[in-house]
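Peer 1: Please find one structure pasted underneath; my questions will follow.
Number of protein chains: 6
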Amino acid sequence: MRITVINPNTSRAMTAKIAAAARGVAGPDVEIVAVCPESGPAAIESHTDEAFAAVAVIDLIERDLAHGGSDGYVLACFGDPGLDAARELVDVPVVGIAEAAMHVAALTGRSFAVVTTLSRTLGRAEDLLVRYGMTSACVSLAGTGIPVLELEDTTSAAFDVIAEECERAVREDRADSIVLGCAGMADLCHALGARVGVPVVDGVAAAVGLVAGMARMGVGTSKRDEYATPPRRGQLVG
Amino acid sequence: MRITVINPNTSRAMTAKIAAAARGVAGPDVEIVAVCPESGPAAIESHTDEAFAAVAVIDLIERDLAHGGSDGYVLACFGDPGLDAARELVDVPVVGIAEAAMHVAALTGRSFAVVTTLSRTLGRAEDLLVRYGMTSACVSLAGTGIPVLELEDTTSAAFDVIAEECERAVREDRADSIVLGCAGMADLCHALGARVGVPVVDGVAAAVGLVAGMARMGVGTSKRDEYATPPRRGQLVG
Amino acid sequence: MRITVINPNTSRAMTAKIAAAARGVAGPDVEIVAVCPESGPAAIESHTDEAFAAVAVIDLIERDLAHGGSDGYVLACFGDPGLDAARELVDVPVVGIAEAAMHVAALTGRSFAVVTTLSRTLGRAEDLLVRYGMTSACVSLAGTGIPVLELEDTTSAAFDVIAEECERAVREDRADSIVLGCAGMADLCHALGARVGVPVVDGVAAAVGLVAGMARMGVGTSKRDEYATPPRRGQLVG
Amino acid sequence: MRITVINPNTSRAMTAKIAAAARGVAGPDVEIVAVCPESGPAAIESHTDEAFAAVAVIDLIERDLAHGGSDGYVLACFGDPGLDAARELVDVPVVGIAEAAMHVAALTGRSFAVVTTLSRTLGRAEDLLVRYGMTSACVSLAGTGIPVLELEDTTSAAFDVIAEECERAVREDRADSIVLGCAGMADLCHALGARVGVPVVDGVAAAVGLVAGMARMGVGTSKRDEYATPPRRGQLVG
Amino acid sequence: MRITVINPNTSRAMTAKIAAAARGVAGPDVEIVAVCPESGPAAIESHTDEAFAAVAVIDLIERDLAHGGSDGYVLACFGDPGLDAARELVDVPVVGIAEAAMHVAALTGRSFAVVTTLSRTLGRAEDLLVRYGMTSACVSLAGTGIPVLELEDTTSAAFDVIAEECERAVREDRADSIVLGCAGMADLCHALGARVGVPVVDGVAAAVGLVAGMARMGVGTSKRDEYATPPRRGQLVG
Amino acid sequence: MRITVINPNTSRAMTAKIAAAARGVAGPDVEIVAVCPESGPAAIESHTDEAFAAVAVIDLIERDLAHGGSDGYVLACFGDPGLDAARELVDVPVVGIAEAAMHVAALTGRSFAVVTTLSRTLGRAEDLLVRYGMTSACVSLAGTGIPVLELEDTTSAAFDVIAEECERAVREDRADSIVLGCAGMADLCHALGARVGVPVVDGVAAAVGLVAGMARMGVGTSKRDEYATPPRRGQLVG
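Line by line, the protein sequences give chains A, B, C, D, E and F.
Taking my numbering, the leading residue of the first sequence gets 1129, the next gets one more, and so forth.
Taking my numbering, the leading residue of the second sequence gets 1129, the next gets one more, and so forth.
Taking my numbering, the leading residue of the third sequence gets 1129, the next gets one more, and so forth.
Taking my numbering, the leading residue of the fourth sequence gets 1129, the next gets one more, and so forth.
Taking my numbering, the leading residue of the fifth sequence gets 1129, the next gets one more, and so forth.
Taking my numbering, the leading residue of the sixth sequence gets 1129, the next gets one more, and so forth.
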């Protein structure tokens, strides 16, 4: 089984980190291919960035389809940009990492908190909570003020800032678990879980598990109406 | 006052129709400029089309800003593609036509129905209803099966099909008013209202009224955090 | 076009203030007539006051209809008393100022806060948020403890108290904009916007813009069933 | 214990019917006093009627208070007009019949249907469902087209029309019980229950039971802020 | 009329306290029988305890039915364990004390707060709020950290701890009334009401009033489908 | 990795069918152990059955823990009986099949329909939809009238009845996918998917995939407060 993990920003360092997180939970029978676009935003930190990321996702899936396609796709950006469009293009599973992390966190208890990067992205996260039915399960959303690309520097103070916010959410907001709100936090997941003492969910790992599970069940994307192949498919990409 | 109306598809016929609808409700002190992209989807009928439309909206606003900008923007596609991104780019009002039509329809009574083109776009309309707080007000959503570009042909059977769906929604779903779910229906609005006997709301006209009203009040887009100027503004287009 | 603005309390000073706010946003082709009842509560600060205000609204609309009627009506009390009844009486637009302010504030960003007079009126404001679909958009409701009639005294400390509450809502509740919860605050709107730094929405101005826009579109109140002329119309007043 | 039951319309026949329904469930220690206004609407069938009914409720409670007051009040009109205002005026229990019927019906199973008179009143019923938290419990709302005053004629076809609508709601909407949507249906309740085969709830009887139960518990209306005595209490009533 | 009050834990002291609370509000024509199981959890403080409590409820109702049954049943544990099952077994009213307290509290104003024992039971209380349509009415849920059985000791500090939490909820959360979240608090109800100054609702008293009122109305449990006699009734109990 | 799949009814035939479904999607590194209780209901078709099933789940997990425990648990009954209690007992993942099927179905498109056995179980399914945040995603719930144990007879007409209901839900309710509402339908899943043409989700397979994925991620059940080890753990069983 081959799962293609799409990082819609251009950071190769982050793409490598995402690939490692994906491989860490993939069974021996699962091949992980991680890709990112050659041009576009270096991080997805605004609605404007998201718009370009969605087009990058479409482009990267079309390229993969031109080479035979995969058994499933993971969209490795916490805003899940391009998710609906991606589902129009294929009949295999497509799962976004926000979606995956929220669904898995919901299985660990009653409630979770989302801890993310810049507070300006919280609105998008709220929209996704509504879209995925998670408004009751999510007890808080918090930005840490850490820009996405600062997560590349593993010597930075980011870990402590994130850990303290996770601890606060558990203590004050009564969060049963934590959802990490950025693919760039994937490498911090286990250390955060050890420190915070509740399940900490990285969306990349969660999404790989969901896509692999769906592929084993023979369940993919419904092609009924909304997600059927779109009218101008393949005509729009550069 | 100058309001720029952005049609994010490439149909010049539809852009002209939209401009006429906008001018029909603009006071003598309001100048309407209607624009559309040179390339991209000819109609917005899928999530894939929407992704490209969002980038076109960003591009057209950046171009307008490079020439001094406008007093407000209308996004003239019923999926309101790129609305959040557009709000990041300016501090004047930006209103989408789905948003505008729903808010105005909510003022005509208790309930409205949305009548649109292809049923595959209903999911996007549902998302917008949630986003704008209109799930209770909207009693039904219906696709007519008419593709967007068929609306260009004013001799087609589209009017009767749309009118019958409007009448059904009033009779069976107890809709107090009708929201037209496509900018391409703007020229049918008055004839539909006359036939159906309840208010029929075209989003283009509704949005122009809202943007003009906001501009007169001195109320624009909040630049607090989420809609502040985005990190990579202007670096991604073209 | 003539828009009648109804202040349902007996304060002539407040009626004059409301008329000025309305005229400030009306185009040159819009005539504003502002009226108030001769008897009844001097301020609307309780459910009991609201009950009398609703009857006053009906009475004032009936009087206007007896003299030929208007092209639209604004109900200039933040509880929107008598709104449903008023819609039964006419087929032109009728918009309440709470309704108008909430809908317009929703277009300025993701979220707004309501800042109002006495905390005992917050329950009514909550009901209106639900009725208009604005529970998600509204991040906080706050009373300042300032009685309505104290707003008549422009030398009072009211401005500072209100401004501080607005600033708190932006800072702590992450409000993208502010809705002023009393027609008597209309004259403070621009100064508050300048001080607080986010859009501040006065319902009187918002409602005038909406009514004028709807009238230009030819969209009024649906007369289907619920808002059709009521059985005993005109028999109950005076 | 004395419970005053307020019929806010002027129909003495309906007031007598309501009194009988109230006495049918009151224990021997409960005195029922039923009152109605001398002028105002003969039936409450529109938002305009409701506005006058709310003022009548305030007036009748003030009159009762002037004579020593009661141990609790029932508002015997399905729109619960004046309920919030009435709660401002007293510290004993005040319960509306829509409220009472919905709460009791919720205890008979998972779901109920409301069967009422004119369809134009369904919007008000919807608002009350939301206000009382009953939107999930209520599976359908139906008007029968029977005007309120036609219910006075016990030889009319009203019983069959209502019974058929109740049966339809049980069969098609899977309603576990029926809420009768008009005080004028109180005398039909037992016969409807026998015919339809599920619990049929009359709000008058339900409200009397609730008020009596609350009075026995020593629980009345909270006087904290919103429902504290209003500023101009007693100054407004003719 | 005979009402059987079921305490699903094995504490005879608590059963006696519950019986006293029930008798305090029952009219002279209402006989109260209070029962508890011989084995099972001594307190219901976890989901595991709840599972055993539900089976105890079924067992105790079956035993009562074998001896002729009652006119109604009260389930005297704030998690309402076994409520749905109990409704399958009888056609008379069955009311849980959480359900009863929430419905009655909703009639005392706009909002209530729940004050309960261990915070680990708050999740169950949240589920019940949703099930009964009370999420909007409930402004806060708080655990006091007091174990259920400590309430048996009337000389403990429990009263002060509970009273302070009630006062905090009124002051900070703007609760119009208080719902006591444990049958073991029934004897504290009047003293708490006197101290806190808003209505304090004990579910045992509330449920007895509701069941008695429903029995007087002739309204019981709907036997339509979901709550009809279950397939294996009577075969499963020891 | 060992996953214990708990069928809480006593049917050994159904337990075998469930084990087969579980093994069909488990990778080679996952051992599936399927268990059922020795006494209790033969099928779970009522709230009464559910109460006994919850105790059976607790008992079977305690027995498994006494022998060293497993890496995760699947509760193989569509009502997810005992799920909250089971989570109190362990720190590894515990997933119910209704929960699993709904979460996975939500990833296949926008909407799903639940097709189940007896209509009397639909109320429980509705409660679970709310609990899991799936009320928007689920477009319809339908009972087929087929008792659980009739599913053991593979020569029955059950397949056609279920398939027709699935087809109806796709056609009329616009369901993007189907959730099978009974563990006893697991063996029909692939044939139904082939016939209906949209993803058909069996909860047993979905739950095994989720538990395995969570175990690989190192994410289990949160032990914070609500799901911490319960007070009387192990004292109540047997």
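All C-beta atoms, glycine included, are put in the ideal place defined by N, C-alpha and C.
Give a yes or no on contact between the segment 1241–1251 of chain E and the segment 1286–1294 of chain E, applying the rule of three or more CB pairs nearer than 8 Å.
Peer 2: Enough Cβ pairs lie closer than 8 Å, so yes.
Peer 1: Need the endpoints of the beta strand (DSSP E) that residue 1211/A sits in, please.
Peer 2: Segment 1211–1217 is the alpha helix (DSSP H) holding residue 1211/A; no beta strand (DSSP E) there.
Peer 1: So with CB distances below 7 Å, who are the chain C contacts of residue 1238/E?
Peer 2: What residue 1238/E touches in chain C: 1251.
Peer 1: Go through the segment 1233–1257 of chain C residue by residue and report every complete run of the beta strand (DSSP E) that reaches 3 residues or more, in order.
Peer 2: Runs of the beta strand (DSSP E) inside the segment 1233–1257 of chain C: 1240–1244.
Peer 1: Less than 8 Å between the C-beta atoms of residue 1161/E and residue 1198/E, yes or no?
Peer 2: Yes. Within cutoff.
Peer 1: Over what stretch of residues does the alpha helix (DSSP H) that includes residue 1193/A continue unbroken?
Peer 2: Residues 1175–1194.
Peer 1: Applying a beta-carbon distance threshold of less than 9 Å, which residues of chain C neighbour residue 1195/B?
Peer 2: Neighbours of residue 1195/B on chain C: none; closest Cβ ~24 Å, over 9 Å.
Peer 1: Bridge partners for residue 1273/D per DSSP, in chain order?
Peer 2: Its beta-bridge partners do not exist; DSSP assigns none.
Peer 1: Given that a residue counts as buried once 16 or more other Cβ atoms are within 10 Å of its Cβ, and exposed if not, what is residue 1352/A?
Peer 2: Burial call: buried.
Peer 1: Comparing alpha-carbon positions, which option in 1252/D, 1167/D, 1186/D and 1204/D lies nearest residue 1362/D?
Peer 2: That would be 1186/D, whose Cα lies nearest to the Cα of residue 1362/D.
Peer 1: Roughly how many angstroms lie between the CA atoms of residue 1193/B and residue 1132/B, to the nearest whole one?
Peer 2: About 11 Å.
Peer 1: Can you check whether the C-beta of residue 1151/C is within less than 8 Å of a C-beta belonging to chain B?
Peer 2: Output row for residue 1151/C: interface = no.
Peer 1: Please report how far the alpha carbon of residue 1325/A lies from the alpha carbon of residue 1317/A, in whole angstroms.
Peer 2: Whole-angstrom Cα-Cα distance: 12 Å.
Peer 1: Straight-line CA distance for residue 1150/A to residue 1247/E?
Peer 2: Their Cα atoms are separated by approximately 37 Å.
Peer 1: Which term fits residue 1370/D, buried or exposed, when burial requires 16 or more other beta carbons within 10 angstroms of its beta carbon?
Peer 2: Only positions 1129 to 1366 of chain D appear in this structure, which leaves residue 1370/D out of reach.
Peer 1: Please name the residues in the segment 1165–1177 of chain E whose beta-carbon is closer than 7 Å to at least one beta-carbon of chain F, in chain order.
Peer 2: Within the segment 1165–1177 of chain E, the qualifying residues are 1168, 1169, 1173, 1174, 1175, 1176 and 1177.
Peer 1: Distance, Cα to Cα, residue 1227/B vs residue 1256/B?
Peer 2: Straight-line Cα distance between these residues: approximately 8 Å.
Peer 1: Looking at C-alpha atoms only, which residue of 1270/C, 1339/C and 1157/C is the closest neighbour of residue 1204/C?
Peer 2: Residue 1339/C is the option with its Cα nearest to residue 1204/C.
Peer 1: Rounded to a whole number of angstroms, what is the C-alpha to C-alpha distance between residue 1214/E and residue 1289/A?
Peer 2: Approximately 51 Å between the Cα atoms of the pair.
Peer 1: Tell me the rounded alpha-carbon separation between residue 1312/A and residue 1138/A.
Peer 2: Cα-Cα distance, rounded: 13 Å.
Peer 1: Leaving aside the five residues before and after residue 1180/D along the sequence, list all residues of the same chain whose C-beta is less than 6 Å from its C-beta, in chain order.
Peer 2: Within the same chain, residue 1180/D has close Cβ partners 1168 and 1169.
Peer 1: Using the rule of at least 16 other Cβ atoms within 10 Å of the residue's Cβ for burial, across every protein chain shown, is residue 1252/E buried or exposed?
Peer 2: It is buried - the Cβ of residue 1252/E has at least 16 other Cβ atoms within 10 Å.
Peer 1: For the beta strand (DSSP E) that residue 1160/E lies in, which residues bound it at each end?
Peer 2: 1159–1163 is the extent of the beta strand (DSSP E) around residue 1160/E.
Peer 1: Would you mind working out which of 1129/E, 1130/E, 1184/E and 1147/E sits nearest residue 1331/E, comparing C-alpha positions?
Peer 2: Ranking the options by Cα distance to residue 1331/E, first place goes to 1147/E.
Peer 1: Please work out which residues of its chain come closer than 6 Å, Cβ to Cβ, to residue 1315/A, disregarding the five sequence neighbours upstream and downstream, and give them in chain order.
Peer 2: Cβ within range, chain order: 1145.
Peer 1: Assign residue 1364/A to one of three DSSP states: helix, strand, or coil.
Peer 2: Of the three classes helix, strand and coil, the one that applies to residue 1364/A here is coil, per DSSP.
Peer 1: What do you get for residue 1273/E, buried or exposed, if any count of 16 or more other CB atoms within 10 angstroms of its CB means buried?
Peer 2: Residue 1273/E is exposed by the Cβ-count criterion.
Peer 1: Between residue 1140/D and chain C, is there a C-beta pair that is closer than 8 Å?
Peer 2: By this cut-off, residue 1140/D is not an interface position.
Peer 1: Below 8 Å CB to CB, which residues in the same chain sit around residue 1173/C once its five sequence neighbours on both sides are set aside?
Peer 2: Here the set comprises 1245, 1246, 1248, 1249, 1275 and 1276.
Peer 1: May I ask you to report which of helix, strand or coil DSSP gives residue 1131/A?
Peer 2: Residue 1131/A falls in the strand class under three-state DSSP.
Peer 1: Tell me the DSSP secondary structure of residue 1205/E in three-state form.
Peer 2: Residue 1205/E falls in the coil class under three-state DSSP.
Peer 1: Rounded to whole angstroms, how far is the Cβ of residue 1267/C from the Cβ of residue 1322/C, which I believe are closer than 8 Å?
Peer 2: The Cβ separation is near 22 Å, so there is no contact.
Peer 1: Is it true that the CB of residue 1329/C sits closer than 8 Å to the CB of residue 1233/C?
Peer 2: Result yes, Cβ atoms of residue 1233/C and residue 1329/C sit closer than 8 Å.
Peer 1: Taking residue 1300/D as the reference, which of 1221/D, 1230/D, 1212/D and 1269/D has the closest Cα?
Peer 2: Closest option to residue 1300/D, Cα to Cα, is 1269/D.
Peer 1: Kindly indicate which residue of 1347/D, 1360/D and 1335/D has the alpha-carbon position closest to the one of residue 1319/E.
Peer 2: The option with the nearest alpha carbon to residue 1319/E is 1347/D.
Peer 1: Where DSSP assigns a beta bridge to residue 1266/B, which residues make up the other side?
Peer 2: Answer by DSSP bridge pairing, in chain order: 1240/B.
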